[in-house]
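Have a look at the structure below before the remarks.
In my numbering, the protein residues as written are 203 to 506.
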């Protein structure tokens, strides 16, 4: 029988909107319409009666109640109270034209810059808020004590996986990243107890990463999933689940923000591992910095 993963996902400090956003893909189409209204404007949703919200979402009151239960609420009154509290604590963008974090048609470059900066900052802040330190601690324990660490990711998440591998390698940890699924699978097949496999996928639905993580788990390695959605398929093959809190918007700026959110989690894990043996980590960082020092241009050198 498969073990249930230990999940760090939108616990109370992270806020209800982050929690609902993470669960959105797992909801029914009708519940998703309710969720999008709630996420886009919590204050407006909190003011609506259940009939008003159901009408706006083009669904029934029964669906709204099912939505409440799907996101962990006892009923609609509790949802309205939580939404009102969320609206009160919600940080608004400094530029009034940045509405809902989206980029409208005809936006000038100043508005685009303000919107992307706001989305990126919010993704990092909300990711940090909803991370469970206890789960992170267990992941750090596993990585710090691992004989070998394999990190997997595809596309944009692959850049984050490569960054994590490089960080671990620089402090003397035996870590590998394989961008090709075939080499990743053969590597995972050689993992065993005491090793750790980390799979990074924003959507949690990337089949290559899921397959490799599944292979690693079958060999006895501890598996860690980093995703934006706590009910996504990748969590089914993970012993530990860490979540980000980036939102999709026009031009996939949510996906852009997801890389920063993923890097935030990766940096937390890296520093946690390095802190377990500060002396060893410092010596390794100094040695690797010295190895490339001759390849850096000094301040006195000028181009012709």
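We put the beta carbon where it would ideally sit given N, CA and C, even for glycine. Just so we're clear, the structure is a prediction, and the values are computed from it rather than from any experiment.
Let me check understanding here. Comparing Cα to Cα, which of the options lies closest to residue i?
i           : options            : result
residue 434 : 223, 367, 218, 217 : 223
residue 460 : 380, 280, 369, 361 : 361
residue 402 : 388, 426, 470      : 426
residue 469 : 367, 441, 458      : 367
residue 404 : 308, 359, 263      : 359
residue 465 : 477, 447, 478      : 447
residue 462 : 320, 308, 311      : 320
residue 219 : 253, 259, 273      : 273
residue 349 : 416, 488, 393, 249 : 393
residue 449 : 499, 430, 421      : 430
residue 333 : 501, 458, 217      : 217
residue 438 : 458, 407, 421      : 407
residue 335 : 442, 436, 488      : 442
residue 324 : 249, 458, 411      : 458
With 16 as the cutoff for other CB atoms within 10 Å, does residue i come out buried or exposed?
i           : result
residue 455 : Confidence is the limiting factor: at residue 455 the pLDDT is only 49, short of 50, which leaves the residue's position unreliable, though a coordinate-based value still follows. Buried is the call here.
residue 315 : exposed
residue 244 : buried
residue 419 : buried
residue 283 : exposed
residue 308 : exposed
residue 409 : exposed
residue 253 : exposed
residue 440 : buried
residue 414 : buried
residue 395 : exposed
residue 281 : buried
residue 310 : exposed
residue 499 : exposed
residue 259 : buried
residue 344 : buried
residue 306 : exposed
residue 432 : buried
For residue i, which residues of its own chain have a beta-carbon under 7 Å away from its beta-carbon, when the five flanking residues on both sides are left out?
i           : result
residue 247 : 239, 240, 255, 285
residue 474 : 338, 342
residue 364 : 379
residue 261 : 232, 235, 236
residue 346 : 475, 478
residue 417 : 387, 390, 391
residue 278 : 252, 266, 267, 270
residue 263 : 252, 253, 256
residue 487 : 372, 373
Please classify residue i: does DSSP put it in a helix, a strand, or coil?
i           : result
residue 212 : Low local confidence applies: a pLDDT of 43 at residue 212 is under 50, so the model's placement there is unreliable, and no value is given.
residue 376 : coil
residue 225 : helix
residue 261 : coil
residue 351 : strand
residue 383 : helix
residue 456 : Confidence is the limiting factor: at residue 456 the pLDDT is only 49, short of 50, which leaves the residue's position unreliable and the question unanswerable from this model.
residue 429 : strand
residue 314 : helix
residue 474 : helix
residue 499 : coil
residue 398 : strand
residue 467 : helix
residue 230 : coil
residue 405 : coil
residue 333 : coil
residue 393 : coil
residue 241 : helix
residue 364 : helix
residue 445 : strand
residue 481 : helix
Report all residues from its chain with a CB closer than 6 Å to the CB of residue i; omit the five preceding and five following residues, and keep chain order.
i           : result
residue 472 : 369
residue 400 : 353, 426
residue 510 : The structure shown does not extend to residue 510, since the chain is modelled only from 203 through 506, so no value can be given for it.
residue 397 : 348, 349, 350, 423
residue 383 : 410
Taking 6 Å as the cut-off, is the CB of residue i close to at least one heavy atom of the ligand ZN?
i           : result
residue 232 : Among the components of this structure there are no ligands whatsoever, and the ligand ZN is therefore not found.
Comparing the C-beta of residue i with each C-beta of chain C, is any distance below 7 Å?
i           : result
residue 348 : Protein chain content of the structure displayed is limited to a single chain, and chain C is not contained in it.
Leaving out five residues before and five after residue i in sequence, what residues of the same chain have Cβ atoms less than 8 Å from its Cβ?
i           : result
residue 322 : 458, 459, 462
Within the chosen definition, does the segment 373–383 reach the segment 483–490 through at least 3 CB pairs nearer than 8 Å?
-> A contact between stretches requires three or more CB pairs, one per stretch, nearer than 8 Å, and the segment 373–383 meets this requirement with the segment 483–490.
Are the segment 229–244 and the segment 268–287 in contact at 8 Å, needing three or more beta carbon pairs?
-> yes
Inspect the CB distances between the segment 340–357 and the segment 487–496 and report whether three or more fall short of 8 Å.
-> no
When the Cβ atoms of the segment 322–337 are set against those of the segment 274–288, are three or more pairs found closer than 8 Å?
-> no
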